[in-house]
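Notes for the one structure printed next.
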Amino acid sequence: MSRTARSLRVVLAEDSVLLREGLIGLLARFGHEVVAAVGDADGLRAAVAEHDPDIVVTDVRMPPGFQDEGLRAAVALRADRPGLPVLVLSQYVQRTYAADLLDAGDGTGVGYLLKDRVGQVEEFLDALTRVADGGTVVDPEVVRQLLRRHRDPLEALTPREREVLALVAEGHSNGEIARRLVVTEAAVGKHIGNILGKLNLPPAEDTHRRVLAVLTYLRA
Amino acid sequence: MEPRTPWQALTRGRYVRTGWPWRAVGYLGSGVVTGAIALAVLLLFGVLAVVLVGIPLLLLTALALGGVERRRLRLVDLDPAADPHRVPDAPGLAAWLRVRVREQVTWRELAYAVLHATVLWPLDLLVLAVALGLPAALLSAPLRLALDGQETKVVKAYLVTSYPQAFAAALLGAALLVVLLYPLGAFAGARAALSRALLAPREAELRDRIGEVTASRARLVAAFEAERRRIERDLHDGAQQRLVALTMTLGLARLDAPPGPLADQLAKAHEEAGQVLTELRELIHGIHPQVLADYGLAAALTDAADRSAVPVDTTDIDLPRLPAAVESAGYFAVCEALANIGRHSGATRARISARHAASLTIEVEDDGRGGATASISGSAAGSAGTGLTGLADRLAVLDGTLTIISPAGGPTLLRVEIPCPALPDRSASSSQRTASSSAKG
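Each protein sequence line maps, in turn, to chains A and B. Numbering of the first sequence is given in my numbering, commencing with residue 1 and proceeding in unit increments. Numbering of the second sequence is given in my numbering, commencing with residue 1001 and proceeding in unit increments.
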């Protein structure tokens, strides 16, 4: 899940022209190519079919209904093309949207970020590449809001374990988590093992279990 | 109790010394005037009715006369006769005419107009002539004798030649006047009762009007909701997008700026723009949360629980999609309840349960210190009181009820009930998915 320097071919769906042009410029500056920039969900589906991009970046609310068309299109795209990385930019701190997205497919290669995050240019690009590489990224703000709830099954977790799970949900690797919490990577591994145990997720393919843990977290 | 009609006045001892006889005279006198005018106008338009244009004109006359007569009724009937006509739904003459033509009262007014122009005002005149004219003729006997000098004929029958005779006639006239004022009052009362029967709203019409008031209140709330959404949309698609673009530009500029005071200033500006964005997001969410429109009440309640300062349990929520006004009212009721719990209750936990059978029932329970019922009257914690009262008003428009069970020492249970049907369509299936995913936790 480390950052790659490769150039990504991006399909961008955003109805605000100002923001669309800004994002194209931002991505181009860091070596990514926006192969298509569209303003609605139908355009998004057509552009993905035509360009077969490395990643889709889409807004939630788009024409014609200005409801959750962008999110619906992303979910549908992932149903058609399993594993297509999708990064959803949202204006809402709402786990319902994030959970819908993670439910589509196996939960890898998806991201749900607040639009505010594009202002944190480097963070945003970091999340973009992590999602393109198959990672799962949930906006720290959404994660933070969920942290305020103390309910089963997360109740069984210690505060430190909850902290670790939050960072996992944000899409960080064990190494990155160790660096942030100023502990060894082995300690992080042990915490994650405990978390998976307490959340009743038996050993299987490791990244998948991480995603399941995040999903549990989001639904809690 | 003061008399309110001539009939009531007649049964009291002091009828003649009150103003009632004169009110009756005024009523009948003005009736002669309006009736004579009505007759002239109806004759004119009746002729025109032969070439069709007269028919709407006849109706207009009847409507106008109805209004005048209802006002005139106040002379002898202290209980006002309300205008029984409905307010048209749409502006414009066509809509107005459509409503009027369909109203039963319009045709009652036409019937009254015809009756008034042909029968009633001549009767008024006759009663006035007898009850006032006869005594007046007798009373004026001395005066006329003085003018003539020799003799005068009273009521065209009796020849009066001397002052004693004349004064006797005058005395008789005065007595007659007092006596005749009674049948005059009785007639005016009957006349007023007839007018009221034809021109005042009937019970069914009053009932319709109450329905109309409720409907207009509901329309007002709907308009308020629509305005909320418009403001949310404007902020979301306008200011918020521009701010995101601004923070993005500032973020890029920070990457380019060499270290130094300029970079520091950019960092500060960037941070502030980010804070404004966060504040704006919260503001927009408070106006109308998008999740309510997209996923419905179940998801929105879970979201409200996420934001609550006090931990909230939401495992017991199972709802289909409901009418937008109901979802909105339910959501804001819970938000208000959670805000109160956070502010006043001292609770450590809360629980939201919601289900839908024939009506939506939401319960919000907390383990706080209770006593929230007192504040509903606004006496204690002011903000909580007004909030809960506002809630009750809002629910009342939807025929909903708010129940608060909050003994001192707690716990507090707030129950919202709104009768409504579930919405059957594609949005119902999407909410089922949401409800089941939130129930899993």
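All C-beta atoms, glycine included, are put in the ideal place defined by N, C-alpha and C.
| Check | Outcome |
| --- | --- |
| Does any residue of chain B bring its CB to less than 8 Å from the CB of R3/A? | Residue placement at R3/A is flagged as unreliable, the pLDDT there being 45, under the threshold of 50; the coordinate-derived value follows with that caveat. Chain B, which has no Cβ nearer than 8 Å to the Cβ of R3/A, makes this no. |
| Tell me, please, which residues DSSP counts as bridged to Y112/A. | V88/A and V138/A |
| Mind listing the chain B neighbours of G121/A? Cutoff is C-beta to C-beta under 9 Å, in chain order. | The question names Gly, but residue 121/A in the sequence shown is Val. The contacting residues are M1248, G1251, L1252, R1254 and L1255. |
| Where does P1135/B sit, in a helix, a strand or coil, going by DSSP? | helix |
| Would a C-beta distance cut-off of 8 Å place A169/A and V118/A closer than the cut-off? | no |
| May I have a chain-ordered list of the alpha helix (DSSP H) segments no shorter than 4 residues that lie completely inside the region 1233–1272 of chain B? | 1241–1256 |
| If I measure Cβ to Cβ from V38/A and keep anything under 6 Å in the same chain, skipping five residues before and after, which residues do I get? | A13, L44 and A47 |
| Rounding to the nearest angstrom, what Cα-Cα distance links L1250/B and H1270/B in this structure? | 6 Å |
| Give me the Cα-Cα distance between A1422/B and L1322/B, rounded to the nearest whole angstrom. | 5 Å |
| Got a sec? Which residues, its chain only, sit under 8 Å from L1235/B by beta carbon, not counting five neighbours each side? | L1280, L1283, I1284 and I1287 |
| Out of curiosity, what's the CA-to-CA distance linking V10/A and E50/A? | 12 Å |
| Nearest to A132/A by CA position, among V60/A, P140/A, Q94/A and G171/A, is which residue? | G171/A |
| Quick one: does D1318/B have its CB under 8 Å from some CB of chain A? | no |
| I'd like the list of long-range same chain contacts for L1125/B, defined as Cβ closer than 6 Å, with 5 residues on each side in sequence excluded. | V1032 |
| Run through DSSP, which three-state label would V118/A get? | helix |
| Sorted by chain position, which residues of the same chain lie with C-beta nearer than 6 Å to G111/A's C-beta, five sequence neighbours on each side aside? | L87, A127, V131 and V137 |
| Excluding five sequence neighbours on each side, which residues of the same chain lie with their C-beta closer than 6 Å to the C-beta of A1200/B? | A1081 |
| Got a sec, what are the start and stop residues for the alpha helix (DSSP H) D103/A sits in? | R95 to D103 |
| Which whole runs of the beta strand (DSSP E) in the region 159–209 of chain A are 3 residues long or more, in chain order? | none |
| Can a CB atom of chain B be found closer than 8 Å to the CB of K198/A? | no |
| Looking at the C-beta of V1291/B, does it have a partner C-beta in chain A at a distance below 8 Å? | yes |
| Looking at R78/A and L218/A, is the spacing between their C-beta atoms short of 8 Å? | no |
| How is the beta strand (DSSP E) around R1307/B delimited, first residue to last? | It is not in any beta strand (DSSP E) - R1307/B instead sits in the alpha helix (DSSP H) that spans L1297 to R1307. |
| Checking contacts by CB at 8 Å: is T1348/B closer than that to chain A? | no |
| CA-CA distance, Y1027/B and R1100/B? | 28 Å |
| Quick check for students: name the residue ranges of the alpha helix (DSSP H) that lie wholly in the region 1046–1097 of chain B, counting only runs of 4 or more. | 1054–1072 |
| Over the uninterrupted alpha helix (DSSP H) stretch that includes P1006/B, give me the two end residues. | P1006 to L1010 |
| State the beta-bridge partners of H1356/B as determined by DSSP. | L1360/B |
| From the DSSP output, in three-state form, read off R6/A for me. | coil |
| May I ask you to report which of helix, strand or coil DSSP gives P1419/B? | strand |
| Count the other C-beta atoms from every protein chain shown that fall within 10 angstroms of the C-beta of T158/A, then say buried if there are 16 or more, exposed otherwise. | exposed |
| Identify the contact partners of V1221/B in chain A, using a Cβ-Cβ distance below 8 Å as the criterion. | Correct list: empty, because the minimum Cβ distance to chain A is about 22 Å. |
| Hey, is the region 1178–1189 of chain B in contact with the region 1126–1142 of chain B, meaning 3+ C-beta pairs nearer than 8 Å? | yes |
| I'd like to confirm the pairing. Which residues does DSSP put opposite R1351/B in its beta bridges? | D1313/B and E1365/B |
| Let's see if you can read the secondary structure: which residues bound the alpha helix (DSSP H) around L27/A? | V17 to R29 |
| Measure the C-alpha to C-alpha separation of V1405/B and D1318/B and round it to an integer number of angstroms. | Checking the sequence, you will find Ile at residue 1405/B rather than Val. Approximately 23 Å, taken between the alpha carbons. |
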